[in-house]
Amino acid sequence: MVKLINLFLLFITFSYSQETVFNEQDFFKNMQESYYSLNTTDKNNFTVLLTNLRTEQFAAEQWKNSEIFPLQLIWFSSDRMFLSEQGVPALNDSAKNVYTNLVMDLKKQITGVLFDLKRFYFNGVYSSISSDYSLKINDDVVQIDFSTNVENDTTFFSYFFGKNGLCLKIETVTPANNLRVETYPNFKIVKTKWLITGWEVQMSKNGEIYSGLTIKLNNTFVSDVWVPQDMIITVQKTEAKGTTFSDLVKFRNFLFNQPLQFIEQSK
């Protein structure tokens, strides 16, 4: 009887040790397969029209039509994105100046979130990790570190995952500017994959927090793929304590696999 109990305990111990052994290949394979990203679909490109609430209000006042989209985002599966400005009805000089500023603000909003949209949605978390990474495990958290260098400006990235591959946090540090950005993504499960639903960002310089940003995505199913329909942006800066700035960016009329061609400029 004692021998049977010992064998049973040995089996439990062995099974537990087998379950807790971390397999790096399995971890990355699970990560690669578990996130919903556009580049894993059959879509080669898309175009989508963009506006925000302030531009809608301006359009309603000027043209009696809020359905005016000043920008178009063009995406290629080859990891290229472009913003193009759309034509609009005529405006007088005063209104044109106001409109120009609105479009500039909208461009800033879009370019400010494109990097995170790229790594969380267009390309996926797996594709955003450099091949020369280092990996370490702290309890139930897997940390992946790597760096990039652009024009002698080095940026350090630390990705934090659960052992199931779910991204918990990303830290980005640029020592040259004493900048640190912490990003906390949020996902929901659609069938068997994690779809990005937003993220929170905390920015600090010289060790002091100076700004925070929250992104919430309302996704919809179009042409057999999930796409962002509305993006709610909320910003809070330390110099304006207790005050938040919010806006809503609309993504409308997604068109996929258009006869578009990207032509490299000759040098």
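Numbered by the numbering used here, the letters in the sequence shown go through residues 168 to 434 in order.
All C-beta atoms, glycine included, are put in the ideal place defined by N, C-alpha and C.
Model, not experiment: these values are computed from the prediction.
- Task: Under 8 Å Cβ to Cβ from Leu281, same chain only, skipping five residues before and after it: list those, please.
- Result: Met248
- With burial defined as no fewer than 16 other Cβ atoms inside 10 Å of the residue's Cβ, what is the status of Arg286: buried or exposed? buried
- Is it true that the CB of Phe313 sits closer than 8 Å to the CB of Ser297? yes
- What's the gap between the Cα of Val308 and the Cα of Val368? 20 Å
- Sort Arg221, Gln239 and Glu234 by Cα distance to Phe213 and report the nearest one. Gln239
- Task: Let me know the secondary structure DSSP gives Leu176 once reduced to three states.
- Result: Only weak support is given to the placement of Leu176: the predicted model assigns it a pLDDT of 46, under 50, and the value that follows is read from those uncertain coordinates. Helix, per DSSP.
- Query: Near Leu415, what residues of its chain come up, given a Cβ to Cβ distance below 8 Å and the 5 sequence neighbours on each side ignored?
  - Reply: Asn219, Leu220, Asp397, Met398, Ile399 and Ile400
- Task: Please name the residue or residues paired with Arg286 in a DSSP beta bridge.
- Result: According to DSSP, which records beta bridges pairwise, Arg286 is partnered with nothing at all.
- From the DSSP output, in three-state form, read off Pro426 for me. coil
- Task: Buried or exposed for Tyr377, please, with buried defined as at least 16 other CB atoms from any protein chain shown within 10 angstroms of its CB.
- Result: exposed
- Compare the Cα-Cα distances from Pro352 to each of Leu380, Ile241 and Glu191 and report the closest residue. Leu380
- Might you give, ordered along the chain, the residues of its own chain that have their beta carbon closer than 6 Å to the beta carbon of Val340, omitting 5 neighbours on each side? Phe323 and Arg347
- Message: Tell me the rounded alpha-carbon separation between Asn424 and Asn206.
- Response: 12 Å
- Item | For Asp306, the nearest candidate out of Phe289, Phe327, Asn290 and Glu200 (CA to CA) | Phe327
- Query: With a CB to CB cut of under 6 Å and the five nearest residues on each side skipped, what residues in its chain are close to Ala227?
  - Reply: Ser233
- Message: Quick check: the Cα distance between Phe354 and Lys275, rounded to an integer number of angstroms?
- Response: 25 Å
- Query: Excluding five sequence neighbours on each side, which residues of the same chain lie with their C-beta closer than 7 Å to the C-beta of Leu174?
  - Reply: With a pLDDT of only 48 at Leu174, under 50, the local geometry of the prediction cannot be trusted, and the value read off the model is given with reservation. Closer than 7 Å at the Cβ level, and outside the excluded window around Leu174, lies no residue.
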